[in-house]
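If you're matching positions, the sequence shown starts at 1 in UniProt numbering and goes up one per residue.
Quick reminder that beta carbons are idealized off the backbone N, C-alpha and C, glycines included.
Take a look at the structure below.
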Amino acid sequence: MQSTLQFGRFNYPWRGQGARARVMGILNVTPDSFSDGGNYQSLEFAISHAEEMIEAGVEIIDIGGESTRPGSPPVSLEDELQRVMPVLYAVRDMGPAISVDTYKPQVMREAIIAGVDMINDINGFRAPGAIEAVRDADCALCIMHMQSDPQHMQLAPAYTDVVAEVSAFLRERVEALLAAGIDRRRLCIDPGFGFGKTVEHNYTLLKATSRLIDELDLPLLAGLSRKSMVGAVTGKPVEQRMAGSVGGALAAVAQGALIVRVHDVAETVDALKVWHAAQ
Ligand code: 9MG
């Protein structure tokens with residue numbers, strides 16, 4: 001049986017014939033991701049980063065205007081729109097599919113008007129108005145699990161059974177989206193590595209990738225690039241976590257993950273080519 005994720009202008013088979021993993025490159029447009037203030041400079045920087053990722057073989061570009069690192073403060077709607085929208089308009093016709101990482105319904109609406117192919121919501125479309133904002137579009141919807149919020153999530157993550165609880169949360173959110181009339185073929189799940197989880201929780205979830213796909217019967221996105229779960233095992237600081245991150249991406253893909261969200265596009269693309277050739 002073939003199953004396909006509807007991804008705006010694209011379709012990604014995730015089970016059966018033609019199914020293969022896709023690399024999503026991270027395009028952060030937060031002030032700490034470019035050298036100096038100024039909208040023009042940040043736009044130029046974002047475009048050249050997008051071009052580099054395209055050269056390296058990226059299939060999806062995920063644009064984010066708010067840092068989701070543990071402890072990060074929220075940004076205002078105005079700031080997020082000012083950061084994300086010019087970049088979205090600049091890159092949307094460069095070839096790859098475009099995703100916008102946001103939990104704000106108004107950003108979702110503007111991104112949909114601009115033709116985005118996926119809304120990537122770390123908050124699982126829980127904000128009032130989020131489901132309504134995306135209901136009538138054709139973009140894919142990534143539903144991520146997070147315990148607490150980015151400011152507090154790493155203070156004391158706690159679960160009785162992390163896999164069962166993440167699975168139950170994702171099921172509840174999937175049901176909420178389906179109940180609003182959203183087509184199941186638009187949905188994708190994500191365990192949310194590092195979002196309110198200890199290193200042990202993260203690896204328990206990584207090992208349960210195929211279980212989550214089977215239980216939810218949906219394609220899965222895995223984002224562990226350069227995260228502390230990679231640092232904990234390798235003992236490496238964030239700027240030396242490329243190889244460990246590629247290893248983690250392969251572990252997720254080997255269990256059926258459809259999309260890997262990464263910083264190091266060229267290295268992950270090569271690793272996946274070799275991995276797929278060996279299947
Ligand atoms: C925005 N962002 C940061 N980490 C992420 C992850 O693991 N998954 C998704 N979907 N988005 C993420």
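Three-state class that DSSP yields for residue i in the structure shown
i	result
methionine 24	strand
serine 35	At serine 35 the pLDDT is 46, less than 50, meaning the model places this residue with poor confidence; the figure from the coordinates comes in the next sentence. DSSP places serine 35 in coil when its eight states are reduced to three.
leucine 77	helix
threonine 198	coil
alanine 251	helix
leucine 272	helix
threonine 4	strand
tyrosine 103	coil
aspartate 62	strand
arginine 173	helix
methionine 94	coil
tyrosine 203	helix
leucine 212	helix
aspartate 261	In the sequence as presented, aspartate is not what sits at residue 261; that position holds arginine. In this structure, arginine 261 counts as strand in the three-state DSSP scheme.
alanine 114	coil
Proximity test, residue i beta-carbon vs ligand 1 heavy atom, cut-off 6 Å
i	result
residue 314	Residue 314 is absent from the structure shown; the chain starts at 1 and stops at 279.
methionine 153	no
leucine 77	no
leucine 5	no
glycine 244	no
glycine 223	yes
threonine 102	no
aspartate 264	no
phenylalanine 193	yes
aspartate 117	no
threonine 68	yes
cysteine 188	no
cysteine 139	no
methionine 108	no
alanine 144	Note on residue identity: the sequence assigns methionine, not alanine, to residue 144. Under cutoff, so the answer is yes.
Top-ranked residue by Cα proximity to residue i, from the options
i	options	result
residue 283	Gln41, Leu272, Lys227 and Ala252	There is simply no residue 283 to check, as the chain begins at 1 and stops at 279 in what is shown.
glycine 124	Val199, Ala277, Leu77 and Ser167	Ser167
valine 100	Ile119, His145 and Ala127	Ile119
isoleucine 63	Gly57, Thr102 and Ser48	Thr102
phenylalanine 193	Leu178, Glu175, Arg185 and Val163	Val163
proline 70	Gln82, Cys142, Gly181 and Gly196	Gly196
arginine 240	Ser228, Ala249 and Leu250	The amino acid at residue 240 is misidentified as arginine; the sequence shows glutamine. Among Ser228, Ala249 and Leu250, the Cα nearest to that of glutamine 240 belongs to Ser228.
leucine 224	Thr234, Ala249 and Lys207	Ala249
arginine 126	Gly244, Leu170 and Gly181	Leu170
valine 29	Arg20, Gln41 and Gly18	Gln41
leucine 43	Tyr89, Arg20 and Leu5	Tyr89
Cβ-Cβ distance between residue i and residue j below 7 Å
i	j	result
isoleucine 112	alanine 137	yes
tryptophan 14	proline 219	yes
glutamine 255	threonine 198	no
valine 174	cysteine 139	no
isoleucine 259	methionine 85	no
leucine 141	arginine 186	yes
valine 274	valine 58	no
glycine 65	arginine 83	yes
isoleucine 61	proline 96	yes
Anticipated Cβ contact below 8 Å, residue i with residue j, distance rounded
i	j	result
glutamate 267	valine 246	5 Å
aspartate 190	isoleucine 143	7 Å
valine 262	isoleucine 26	7 Å
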